[in-house]
Ligand SMILES: [Fe+2]
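Here is the structure:
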């Protein structure tokens, strides 16, 4: 059973699904169950994937990676999400050729976190 805000990926076609409202059904794509994307903080390549956060006034500035992640046609960050506690309060798709840097206009509590989705290396969190 899916849970709100989880992300799932089809390993055959690459579809990524975000759970807006959870229901009891199983997520199926290309004839098989979709895999949940679990956010990593540690793994090979973490320096290019773990979001680096700073608060500047009423903005949350996110740089994906302490070393900027590549933004090539075949390897790029495709989605950055900002959570305040468990609530999704900001989300932005980015595209090859753009910078892996996002500014969210948001007042957040001290319990905010960010997830970044790499099209090759999966989901990462701060
Ligand atoms: Fe990557």
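Residue numbers (our numbering): 975 to 1100.
Backbone N, C-alpha and C define an ideal beta-carbon position, used for all residues, glycine too.
Values in this document were obtained by computation on a predicted structure and should not be read as measured data.
Counterpart residues of residue i in DSSP-defined beta bridges
{"i": "residue 1092", "result": "1051, 1096"}
{"i": "residue 1028", "result": "1035"}
{"i": "residue 1009", "result": "983"}
{"i": "residue 1014", "result": "1098"}
{"i": "residue 1067", "result": "1053"}
Assumed close pair residue i, residue j - CB separation to whole angstroms, cut-off 8 angstroms
{"i": "residue 1074", "j": "residue 1039", "result": "7 angstroms"}
{"i": "residue 1053", "j": "residue 1086", "result": "Incorrect: roughly 17 angstroms between the Cβ atoms, too far for contact."}
{"i": "residue 1088", "j": "residue 1036", "result": "5 angstroms"}
{"i": "residue 982", "j": "residue 991", "result": "5 angstroms"}
Chain-order list of residues whose beta-carbon lies under 8 angstroms from that of residue i (same chain, five-residue window excluded)
{"i": "residue 1082", "result": "1029, 1034, 1056, 1058, 1063"}
{"i": "residue 1065", "result": "1053, 1054, 1055, 1056"}
{"i": "residue 1099", "result": "1013, 1014, 1015, 1024, 1025, 1087, 1088, 1089, 1090"}
Closest by C-alpha distance to residue i, when choosing among the options
{"i": "residue 975", "options": "996, 989, 990", "result": "996"}
{"i": "residue 1101", "options": "994, 1007, 992", "result": "The question about residue 1101 has no answer, for the chain in this structure spans 975 to 1100."}
{"i": "residue 1049", "options": "1080, 1100, 1072", "result": "1072"}
{"i": "residue 1032", "options": "980, 1079, 1098", "result": "1079"}
{"i": "residue 980", "options": "1061, 1100, 1043", "result": "1061"}
{"i": "residue 1044", "options": "1100, 1091, 987, 1099", "result": "1091"}
{"i": "residue 1009", "options": "987, 1016, 1017", "result": "987"}
Beta-carbon contacts of residue i that lie in its chain and below 6 angstroms, excluding the five residues immediately before and after
{"i": "residue 1047", "result": "1070"}
{"i": "residue 1026", "result": "1037, 1040"}
{"i": "residue 989", "result": "1003"}
{"i": "residue 1017", "result": "none"}
Residues near residue i by beta carbon distance below 7 angstroms, same chain, minus five either side
{"i": "residue 1041", "result": "1021, 1022"}
{"i": "residue 1096", "result": "1011, 1014"}
{"i": "residue 1093", "result": "1049, 1050, 1052"}
{"i": "residue 1077", "result": "1033, 1035"}
{"i": "residue 1067", "result": "1052, 1053"}
Cβ of residue i within 8 angstroms of any chain C Cβ
{"i": "residue 1002", "result": "The chain labelled as chain C is not found in the depicted structure, where only one protein chain is given."}
Examine the Cβ distances between the region 1022 to 1037 and the region 988 to 1006 and report whether three or more of them are shorter than 8 angstroms.
no
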